[in-house]
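Engineer:
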Amino acid sequence: LKSMLKDPSLLVTQAYINGQWVDGAKGTFAVSNPARGDVIAEVADLSRAQVAQAIAAAEAAQKDWVRLTGKERAVILRRWFELMIENADDLGKILSAEQGKPLAEAVGEIGYGASFIEFFGEEAKRIYGETIPGHQRDKRIMVLKQPIGVAASITPWNFPNAMITRKAGPALAAGCAFVARPASETPLSALVLGVLAERAGLPAGVLNIVPSSSASEIGKEFCENPVVRKLTFTGSTEVGRILLRQSAEQVMKCSMELGGNAPFIVFDDADLDAAVEGAMLCKFRNNGQTCVCANRIYVQAGVYDAFAAKLKVAVEKLNVGDGLTEGVTTGPLISAEAVAKVEEHLQDVTAHGGQVLTGGKRHALGGTFYEPTVVTGVTQDMKVAQEETFGPLAPLFKFEDEDQVIAMANDTIFGLASYFYAKDLSRVYKVAEALEYGIVGVNTGIISTEVGPFGGVKQSGLGREGSHHGIEDYLEMKYICLSV
Ligand code: ADP
């Protein structure tokens, strides 16, 4: 991997604590390339005590960081953003090698991830408070917005860069210090952010990156250490619940970006070609491994067969292979368990009368490669209707009318992203309002951007990331009542 990089010094395997690169007290853990299965790096495996040191360093550094003006923080964040863009090819290669997504998609993620640093750096100058007319003649009321303090993050492997920047950007802009525990599958993409932050002039201790093979141990330290005032997590609803329970002890503020079960609805009046294009991006991006990927595709009866036929053609054009190979559109799945989940959902569909239209088995390449798959005749009583597949399985459900599909779409504990394709204006309004989701894509399959508030309702989470709202998760309000 090092030999593929323009700047080999970007590949680091030590942890980043208080501006120092340190070894792990527990030795190292292996990071492998999911396309080839070979070990590409041995990364520092930190102990809980080392994570406590990182938290202490963050506490000390935050005191000076918060004293900078918004503009001073913005200048450093801007430089950090620029360094990510300048090194996007190398960062993309590191990301693709440890995560498996095609290089073009990986470089795309770097641009997306960097945009949060750019955007929130700009927002650092606009953390406005408020004055409120007093309730008595001698009273003056002010509202200050102040950083929460030390924020800690736990992030998944599917977006190893962007899931960290989306949290670190607003946290640092707000004046918080940050401790990031990356997923153990993808620590290299996190550590390189530390290299670039250091080059950008971020003061020591403001950002700490603490890889560890034991997620639950670090999760406990984050929840039990009284210095940590904010926990921000992206991952499964199951682990989110554990962290919420643990953080209750300290009544810690939490942001949670949890699982989804996105419906993708195609109405009779939709532009079918556009709907197929949207479904392809929405379902097969990152090989189906995003929390906003279409999990259930509902197609109205009048266009069901036509949509299925067009989707089959598009799916059969996907080129499965090693993400670092030119022309590959679809990489491997992250792990054997991920493949097992796809197989479990597919078996359940076929056992209950669904049919495989294309794909439907492990790919000839072996390993964790799986054929992009479309199944028809899928119904609400199948597993895929309730659980997130997180893989390249597109299940097509048939529906008759609006009320029916809204009820089916909302019949889940999740409420992150939803999508629908339609032209009729009153239908567009009615359906957009009725979907119980934090995000609704109308005639588009891609909704992620740093300028929009991303987040879920119901058991998909708490808080919003991105947009000017995203910084609020890292700010506390203080009300000052002054008698003059
Ligand atoms: P995913 O399916 O995306 O891996 P998980 O919720 O299992 O979703 O994992 C998301 C992140 O949470 C990963 O970095 C994982 O290591 C971490 N994690 C898993 N279990 C725990 C836990 N008990 N406490 C803290 N972090 C955890």
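Everything in the sequence shown is counted per UniProt numbering, starting at 8 for the first residue and increasing by one.
The beta carbon of each residue, even a glycine, is placed where N, CA and C say it ideally should be.
Small disclaimer: the values here were computed from a predicted structure and weren't measured.
Classify Asp90 as buried or exposed, calling it buried when 16 or more other Cβ atoms lie within 10 Å of its own Cβ.
Structural biologist: First, the amino acid is wrong: residue 90 is Leu here, not Asp. Classification for Leu90: buried.
Engineer: Which parts of the segment 279-358 are runs of the alpha helix (DSSP H), unbroken and 4 residues or longer, counting only runs that do not cross its ends?
Structural biologist: Entirely contained in the segment 279-358, the alpha helix (DSSP H) runs reaching 4 residues are, in chain order, 279-291, 311-323 and 343-358.
Engineer: Looking at Val38: is its Cβ nearer than 8 Å to the Cβ of Leu195?
Structural biologist: Against a cut-off of 8 Å, the Cβ pair of Leu195 and Val38 comes out as a contact.
Engineer: Going along the chain, which unbroken runs of the beta strand (DSSP E) with 3 or more residues stay wholly within the segment 414-449?
Structural biologist: DSSP assignment within the segment 414-449 yields the following whole beta strand (DSSP E) runs of 3 residues or more, N-terminal first: 424-428 and 446-449.
Engineer: On the DSSP letters alone, give me the boundaries of the alpha helix (DSSP H) that Val114 sits inside.
Structural biologist: Leu110 to Glu130
Engineer: Compute the distance between the beta-carbons of Gly242 and Ile161, then report whether it is under 8 Å.
Structural biologist: yes
Engineer: Count the other CB atoms, across all protein chains shown, that sit within 10 Å of the CB of Val150; report buried if there are 16 or more and exposed otherwise.
Structural biologist: exposed
Engineer: CB of Val38 to nearest heavy atom of the ligand ADP: below 7 Å?
Structural biologist: no
Engineer: Using the Cα positions of Val217 and Tyr426, report the straight-line distance between them to the nearest angstrom.
Structural biologist: Cα to Cα, the separation comes out at about 36 Å.
Engineer: What is the residue span of the beta strand (DSSP E) that Glu137 lies within?
Structural biologist: Glu137 to Pro140
Engineer: Heavy atom of the ligand ADP less than 7 Å from the Cβ of Pro167, yes or no?
Structural biologist: no
Engineer: Leu265 by DSSP, collapsed to three states: which one?
Structural biologist: coil
Engineer: If I follow the unbroken alpha helix (DSSP H) through residue 5, where does it start and stop?
Structural biologist: Residue 5 falls outside the range modelled here, since the chain spans only 8 to 491, and no answer is possible.
Engineer: Mapping DSSP to helix, strand and coil, what is Gln21?
Structural biologist: coil
Engineer: Tell me which residues share the same chain as Ala441 and place their Cβ nearer than 6 Å to its Cβ, disregarding the 5 neighbours each side in the sequence.
Structural biologist: Ile413
Engineer: Looking at the secondary structure, which residues open and close the beta strand (DSSP E) in which Lys174 lies?
Structural biologist: Membership of Lys174 in any beta strand (DSSP E) is not indicated; the residue belongs instead to the alpha helix (DSSP H) covering Ala169 to Ala181.
Engineer: Pair every Cβ in the segment 318-335 with every Cβ in the segment 106-117, then say whether three or more of these pairs are closer than 8 Å.
Structural biologist: yes
Engineer: Going by C-alpha distance, which of Phe274, Gly212, Arg471 and Thr375 is nearest Arg434?
Structural biologist: When only C-alpha atoms are compared, the closest one is Phe274.
Engineer: Using only the heavy atoms of the ligand ADP, determine whether one of them is closer than 7 Å to the beta carbon of residue 493.
Structural biologist: One cannot answer for residue 493 here, as it falls past the ends of the chain, which runs 8 to 491.
Engineer: Taking 8 Å as the cut-off, decide whether the C-beta atoms of residue 498 and Val58 are in contact.
Structural biologist: Given that the chain is displayed from residue 8 to residue 491, the structure contains no residue 498 and the question cannot be resolved.
Engineer: Would you tell me roughly how many angstroms separate the C-alpha atoms of Met287 and Thr451, rounded to the nearest one?
Structural biologist: 11 Å
Engineer: Closest by CA to Glu129, which one among Leu250, Phe166 and Glu79?
Structural biologist: Glu79
Engineer: Could you compute how far the alpha carbon of Gly247 sits from the alpha carbon of Leu238?
Structural biologist: 11 Å
Engineer: To test your reading of the DSSP string, which unbroken alpha helix (DSSP H) runs of 4 or more residues are found completely within the segment 170-256?
Structural biologist: 195-207, 222-231 and 244-254
Engineer: Spatial neighbours of Lys132 within its chain, please: CB distance less than 7 Å, with the 5 preceding and 5 following residues excluded, ordered by chain position.
Structural biologist: Gly77, Lys78 and Ala81
Engineer: Go to Gly64, then tell me how far its alpha helix (DSSP H) extends in each direction, as first and last residue.
Structural biologist: A quick correction: the sequence has Ala, not Gly, at residue 64. Where Ala64 is concerned, the enclosing alpha helix (DSSP H) stretches over Arg55 to Trp72.
Engineer: Quick one: give me the first and last residue of the alpha helix (DSSP H) that Val82 is part of.
Structural biologist: Gly77 to Glu93
Engineer: By how many angstroms is the C-alpha of Gly212 removed from the C-alpha of Leu200?
Structural biologist: 14 Å
Engineer: Within the present structure, is the beta-carbon of Ala190 separated from the nearest heavy atom of the ligand ADP by less than 7 Å?
Structural biologist: For the ligand ADP, at least one heavy atom lies less than 7 Å from the Cβ of Ala190.
Engineer: Tell me where the alpha helix (DSSP H) around Val46 begins and ends.
Structural biologist: Val46 -> not in any alpha helix (DSSP H); beta strand (DSSP E) instead, spanning Val46 to Ala51.
Engineer: Assign Met259 to one of two classes, buried (16 or more other C-beta atoms within 10 Å of its C-beta) or exposed (fewer than that).
Structural biologist: buried
Engineer: Nearest-angstrom Cα distance between Met389 and Pro233?
Structural biologist: 44 Å
Engineer: Contact check, Gly266 vs Thr244 under 8 Å by CB: the rounded distance?
Structural biologist: 4 Å
Engineer: In or out: Gly398 buried (at least 16 other Cβ within 10 Å) or exposed?
Structural biologist: The residue is buried, with at least 16 neighbouring Cβ atoms inside 10 Å.
Engineer: For the ligand ADP, any of its heavy atoms closer than 7 Å to the Cβ of Ala222?
Structural biologist: yes
Engineer: My output table needs one value for Lys100: the three-state DSSP class, helix, strand or coil.
Structural biologist: helix
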